[in-house]
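According to this note's numbering, the residues represented by the sequence shown are 2 to 250, in order.
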Amino acid sequence: MTAPDDPRRGELAAALRQVEQRITRACAAAGRDRGQVCLVVVTKTFPVQDVVHLAGLGVHDIGESRDQEAGPKMAALPVEVRARTTVHFVGQLQRNKARSVVRYTDVVHSLDRSRLASALDRAVGAAVEAGEREDALEVLLQVDLEDGVQADRGGVRRDEIRALAEQTAGCEHLRLRGLMAVAPPGLDARALAAAFARLAETADALRGDHPGADLLSAGMSADLEAAVAAGATHLRVGRAILGSRPPQR
Ligand SMILES: *Cc1c(COP(=O)(O)O)cnc(C)c1O
């Protein structure tokens, strides 16, 4: 697979250990079990070889955010790595990419509108029909923590979640599993904690209607501690493990 003495593997191993320590400490501070938190390593912009190194280091949850990049990258993984990898699609998703994304994705974190739910449902149905995947797609609804103030970042407004959840739960090929959010940039620690607390409240409300929707995807390189404190079950960490990325898009 990959040589244990490859310098890039050593670099990733060291960064992964540091992030692990941060998660362990955050869990201890919050009185939570480390086992309640899944680390998704976001490998966007980084080569397939990094995904292979990560698999060798025990990371089997991989996040990607652009179909054009993720499709070929996942297809290029050695079969034994691919078989153990759970692919999380975390980026904004266009309807015309649904059919491609459902070929290789296990969990979509970024469902944020009604027409995308319908498109994903149809796409999974077609993929199952074509023998390209076996089962339903797990989806999280992406919440806009700013309630529409900054409309370009994606996410459904909190007052629209109920209707989207209802629709999603009724889709034959989708499994509603919870919520996802990206914290607005530039918040101080207090504002960040408040934003994640609102998210946690929203997640509780959703679980009241849909008991199976018990996942909460929040927390990135810069704010994973605050997310763990607020009850996140999935952290999406890129830069803190892989290094800095060139600016995107
Ligand atoms: C890139 C990305 C991440 C990872 O962010 P880092 O700051 O690199 O940890 C998490 N979530 C989403 C939606 C992303 O696009």
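C-beta: ideal position from N, C-alpha, C; glycine also.
DSSP lists V43 and H89 as the bridge partner or partners of G64. Just so you know, the alpha carbons of L216 and D7 end up roughly 35 Å apart.
Closer than 8 Å to some heavy atom of ligand 1: that does not describe the Cβ of V109.
Of the heavy atoms belonging to ligand 1, none sits nearer than 8 Å to the Cβ of A194.
With a cut-off of 8 Å, the C-beta of K98 is classified as distant from ligand 1, since no heavy atom of the ligand falls inside that distance.
C-alpha of V229 to C-alpha of A137: approximately 28 Å in a straight line. Residue state for A184 is assigned as coil, using DSSP reduced to three classes.
Straight through space, the alpha carbons of L180 and H235 are spaced by roughly 10 Å. When C28, G155 and V129 are compared, the shortest CA-CA separation from G92 is found for G155. Around the C-beta of S111, 16 or more other C-beta atoms lie within 10 Å, and the residue is accordingly described as buried. Between the beta-carbon of V238 and that of L200 there is about 17 Å, and that puts the pair past the 8 Å contact cut. C-alpha of D189 to C-alpha of A227: approximately 11 Å in a straight line. For S222, the three-state secondary structure derived from DSSP is coil.
Our two residues, A182 and E202, have alpha carbons roughly 13 Å apart in a direct line. K45 has its CB nearer than 8 Å to a heavy atom of ligand 1. At least one heavy atom of ligand 1 falls within 8 Å of the beta-carbon of G92. Shown here, Q95 sits in coil according to DSSP, grouped into three states, outside any helix or strand. Taking C-beta atoms as the reference points, A241 and Q19 count as a pair closer than 9 Å. At a cut-off of 3 residues, the continuous stretches assigned as beta strand (DSSP E) that sit fully inside the stretch 130-165 are 138-144. Contact between the stretch 90-104 and the stretch 120-128 is present: three or more C-beta pairs spanning the two stretches fall below 8 Å.
With the rule of 3 Cβ pairs closer than 8 Å, the stretch 66-82 counts as touching the stretch 42-54.
With a threshold of 16 other beta carbon atoms within 10 Å, S218 meets it and is buried. Counting C-beta atoms within 10 angstroms of its own C-beta, G220 has 16 or more neighbours from the protein chains shown and is therefore classed as buried. Annotated three-state conformation of H235 is strand, per DSSP.
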